C-alpha cells in the first residue's frame, strides 16, 4: 500500500510508476495472498492519478485475470491450481475497473481506457466462444461468456456517460464498437425486459448507445462481416437462423418489400441489421444531444451500405422511419419544454434539407419522417423557423439552378444551416427535385394558413421583408397562401409589403419630371425641393407632412448611386429638430430602411448616429433633461409631484439599439476604420474599431497582423498603439507575431539601415512597452522562442562564406546540429503546432548565389493557437531547477505518437523581403474564405510566410508536391502525359478526380493571378501535388511590378498548352467550360478591401493606381486572351535559356 501511495504521489515522475508496477508484477500471486487485492486497488489508483506509462502493463494483468476467471467459471473440465491462481482477485479487478471508469481524468485518458475496456470486452467474447465450442447445445454456446461481458457493460457506460458522443472514431475504435454491439445483439443484452439478464445491464447498454459512433463499414460491408469473429455462424442451425430472421422482420414491422430480402440474409447480415436498428432506437430514445435522430441517415448515405448486394440499404431505409417514430413516441411521452420545442424545430429543418437529397429513396424517407413529425406535433406547420427554412431553402435551390447550370458543384449547403447534401448530376434532375420541394412547401403553407392564419401572416411578412425578391418562387408561394386563405388581413399584408415601393415610385417620378432642367441635375433639384419641404414640415409641426418629407428623403437617399451625406445627416438628426415620440418612431422606420437597402454606408451612419445621440445629451433632451432641484416638502407646500423628464422619444430611439450599441463588425471593416483611405478618420469610429478588434480572439487576428501594424501610420491619437500593447498583453502568440512584424516594418530596406520616417519611432516605442510588460512565464516563453529563431536564422550568415555545393551543405548540417530544442517553441509560420524535434539531416542550402537561404524539417505536434499558448506558458511556469508539468514537458510530449504529429519543412530566408509574399498569401487566404463562404469549389493553398525582421523570414513548404521544373528534369514528357502516367487512362476514375482537382485549382489561381497581376510564372514557381492540384509559389512580382523592368510581358495568367490539354484540349471541352465558369464565379466573389490597407507600405508592387486597376478588371475576355498565349511560352523559353528551367 505504501508503494502504491508513492506511485500516486510521484505520478508525474518519469520512472516511479513503472518501478512500482514491476515490483507488483514480481510479487503478484506469487504465492496468492490478500495483498494481491491491495495491489489491484493501488494499480487502479495510479491509473486514475494519470500514470500513463503503466497502462499497458496494468491492462495486460487485468485482462489475464479476467480471461482466466472466465475460463475457470465456464469450463466443464477439472482445473489445476496453477490455472486458477487469479481466482481470489477477480472481484477486486472488477471493482478496480469500475473505479477507473468513474475517476479517470477527462480527455486522452478517458479515450485510452475506453479502448482498453472494449478490447477486454471483445477478448472475453472470443474466449467465451472458444469455451462454448466444447458445449453441444448452441444456445449455451452463445451465452457462455455472457456473465463476464455483462459485468463490463456498466463500467463502459460509466465511462461514456462522462464523454461527448463519438462522431469521428478511428477505424480501430469503430470496429471495437461494432463488435461490442454484435455481442450485445447475439446475447440479447439490447432487449428490454428480456428476463435473461439484470436490468442494470440493459440500462448500461442504453447509455452506451447514446455515445456510440454509427456502425458503418470502412471499405466493404460484406467482407468485413464475413471476417468478423463475433458473428461466425458455424454453430447456428437453419431453424435458429430463420428464427433470427423473423426477429429482424418483427423489428421492421414486416414490410412486404423487405421481408423477402431479410429471408435471404445470412446470420452475419441479420446480426448487423438488428444491431444497427436496436442501437439507433436506443440512441434516439435515451440521448440528450439533438443530433441523435439524424444518425440513422448516415447509414442511408454510406456508400458501402448502398453498394451491398444483399439488400441492406433497402432494409435500413425501412428501418429509418421506425427509428424516427420511436424518437417521436419517446418525445411525446416526455414533458415538453422550451428546449424540446427547439429540438423539434431543428429536426424539421434537417428533414426539409434531406427532402432535396440526390437519392430519391432518401428524399422519400425524409418526407415520411416529416409527415410523422407534423402529425405528432402539428404546431410545427406554422412555426416561424420552420416556415422560413422551407422558403429560404426553396429560394437557395432556385438560385443554385440558375447559377450552376453545368452542375459543377455537387454539394449544396445553405447559410445558417449546418447540413450539406449532394445534388443531382444533371440540371433536369435538380429541376425535378426543386419542383417536388416547391409543391411540398405549398402544401405546408396551405395547412399553416388553414389552422393558424394570423401567426402565419406574421411569419410570411417577416420572410418577405427579410429574404423575398421579386423573382423568388418562395415569395410567390407565400403571397398565394395569404390570398388563397381569404384572410381579412390580406390588404394590410400587401400594404406593408408595398410601402417602400410607393415612396420609391414617387421619387423616380419626380426625378423624371426634372430631367429637362438644364441648369442642374435632377438629383440636385429634387434634393433642394425635398429639403425645403422637410424644413417647412418641421416648422409647421404637421406629422403627415413630416412623414412624407422624411420618407421621400429616405427613398431618394436609397435611390442615389453615390452616398449623399447631407441627406443622411438630415435624416439621422431629425429627432434633434422635433423631439417627439411620433417623429422618433418615423425616424426608426427610415433608419431601418436605409440600413437594409444601403449596406455600404454602415460606418458613416454609425458615426452620424453617435454624434446625434451625443448632441441630444448636450442639448439636455429626454433622458438628459436638466431639471431644477426638487423642492423639499418640509419647506413649502407641494400641489403636484415634480415633472419627470420626457424620456419616451429616447426609449423609442433605443429600438434601433443595434446601431447605438455599435454591433460588432468584421475585422476587415474594423481595420478599414483605422486608415483614411476608405473613410475619414474620426475619434469615435477609431474607438469603435479598437473595441471591435479587442473582442476577437487571438487566432482570428493573427491573419491581420500586417494591416494592424500599418495602421500605426495614421495613429495620431494613440488608439492603435494602445490596442497593440493591449492585444500583446492578452495573448503571447499574438505578441510574438506583432513584435516580428513591427521589427520588420521599422526599416524600409533589407539591411536595417534606412529607418521608416513614420513608423520607426512609433513601432520602437510600442515594442519597448510590449516587451516590458512581459513577466515570469510569459517573458521566459518570449525569450525561448526568439532565442531559438535567432540561432536558426544565424545559420544563413554562417554558411554564406562557403562555396555552393558540398562545402555549404556540410556547413549547414554542422550549424543545424548545434541548435537544440530544450522547451516548448514553435515555427513563426505555424503558431498552431509546437516543435518536437529537428531532422538534423534535412539541412539543405537553397539555390541562391548572393544569399544563403536554407531548408530544414521539424517534427511538430498540432494543437491549436490557444492550446499552444497554454502549453508554452506552463512549460515556463515551473520553478528554476524543477521539471515542467508532464503536459508541458517536451521529453514527455515526444513520447506521444498519434495523428497530430507530423513533419513540417520550412525555408529560412535572410536578405529577402518576404512582406510581399505575406500580403499575397494573406489575400489568397481571404479569397479562399470568401469562395468557401459562397460555396465555390475552387482550390488554392495559401501556405504560410512570416517576416521576422528586416530581410528575414520563414516560409512554409508546400507538402506532397513537386515543381513543374522538377517534373521536367525527371521526365521528358509534358504535364498531360504525366497525369496519364500517374493517374491512369483518361477514362479512369483516378484521372478524372485528379483532373477535377486540377480544374478547380487552376480556376482559383487564375483568378488570383489575374486580380493581383502575379508575374514571373515560370515552371519553377508552379507546383503539382499528389492529388493533381496546381499550386503557385513565389509572389515577388505582382500588381504594378514585373520582371525585366516592369515590361508587363506575361499575360494575365498562365494557361499553357499542356494545361489546356488536361482540361480537354480545347475551349469547347466540358472540363474547360467548367474551368471558365468557375473563373467567372470566383472573380465576382473577390474583393479589394485589404489591399487598400497595404498601400502605405511602400512595397515595389504599389505604384499609385493599384486599386483603380483592380476594380476595373473583368473576366469576360481575359480567359480568351490567355488561352494558349504565345507570350507564356516565350517567357518559359526565356527562363530555360537564362536559368535552365525546363518547360
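In my numbering, the protein residues as written are 261 to 1403.
Even for Gly, the Cβ is constructed at its ideal location relative to N, Cα and C.
On a predicted model such as this, the values are computed, not experimentally measured, just so you know.
Check                                                                                                                  : Outcome
Spatial neighbours of residue 564 in its chain, beta-carbon cut-off 7 Å, leaving aside the 5 residues before and after : 476, 477, 479, 480, 481
Among 1290, 1256, 562, the one whose alpha carbon lies nearest that of residue 1219                                    : 1290
Sub-7 Å separation of residue 1259 and residue 1136 beta-carbons                                                       : no
Which residues DSSP lists as bridging residue 1161, in chain order                                                     : 1121
For residue 410, the three-state DSSP class (helix, strand or coil)                                                    : helix
Rounded separation between residue 765 and residue 850 - CA only                                                       : 16 Å
Buried or exposed by the 16-neighbour rule on C-beta atoms within 10 Å, applied to residue 414                         : buried
Inter-stretch contact (C-beta, 8 Å, three-pair minimum) for the segment 1160-1174 and the segment 1124-1135            : no
Whole alpha helix (DSSP H) elements within the segment 1191-1240, 4-residue minimum                                    : 1224-1230
Classification of residue 388 by the beta-carbon crowding that lies within 10 angstroms, buried from 16 upward         : buried
Per-residue burial, residue 646 [other beta carbons within 10 Å of its own, 16 or more giving buried]                  : buried
Residue 1269 vs residue 1332 beta-carbon contact at 7 Å                                                                : no
Straight-line Cα distance separating residue 1139 from residue 1146                                                    : 14 Å
Closest Cα partner of residue 360 within the set 378, 419, 350                                                         : 419
Exposed unless 16 or more other CB atoms sit within 10 angstroms - verdict on residue 591                              : buried
Unbroken beta strand (DSSP E) run spanning residue 682, endpoints                                                      : 680-682
Residue(s) in a DSSP beta bridge with residue 840                                                                      : BP columns for residue 840 are empty, so no partner.
Alpha-carbon spacing of residue 271 relative to residue 411, whole angstroms                                           : 29 Å
Complete runs of the alpha helix (DSSP H) confined to the segment 1232-1319 [at least 4 residues]                      : 1235-1243, 1249-1272, 1303-1306
Limits of the unbroken alpha helix (DSSP H) element including residue 689                                              : 687-711
Limits of the beta strand (DSSP E) - the one that residue 1020 falls within                                            : No beta strand (DSSP E) holds residue 1020; the alpha helix (DSSP H) holding it covers 1019-1032.
N-terminal and C-terminal residue of the beta strand (DSSP E) that residue 984 is part of                              : Counting along the chain, residue 984 falls outside any beta strand (DSSP E), though it belongs to the alpha helix (DSSP H) covering 979-990.
Any C-beta of chain C under 7 Å from that of residue 272                                                               : Given the protein chain composition of this structure (a single chain), no chain C is represented.
Best match in 1227, 1272, 1299 for proximity to residue 1283 [C-alpha to C-alpha]                                      : 1227
Segment contact flag, the segment 809-827 with the segment 786-800, C-beta cutoff 8 Å, min 3 pairs                     : yes
Cβ-based burial, residue 1142 [other Cβ within 10 Å; buried from 16]                                                   : exposed
Beta-carbon spacing of residue 349, residue 300 below 7 Å                                                              : yes
Per-residue burial, residue 773 [other beta carbons within 10 Å of its own, 16 or more giving buried]                  : exposed
Inter-residue spacing [alpha-carbon to alpha-carbon] between residue 382 and residue 488                               : 11 Å
Three-state class that DSSP yields for residue 1335 in the structure shown                                             : helix
As assigned by DSSP and simplified to three states, the class of residue 589                                           : helix
Which of helix, strand or coil DSSP assigns to residue 1007                                                            : strand
Separation of residue 312 from residue 306, as counted between CA atoms                                                : 9 Å
Beta-carbon proximity check, residue 281 vs residue 317, cutoff 7 Å                                                    : yes
For residue 977 and residue 946, believed in contact at Cβ under 8 Å, the rounded distance                             : 7 Å
Rounded C-alpha distance that separates residue 962 from residue 1013                                                  : 28 Å
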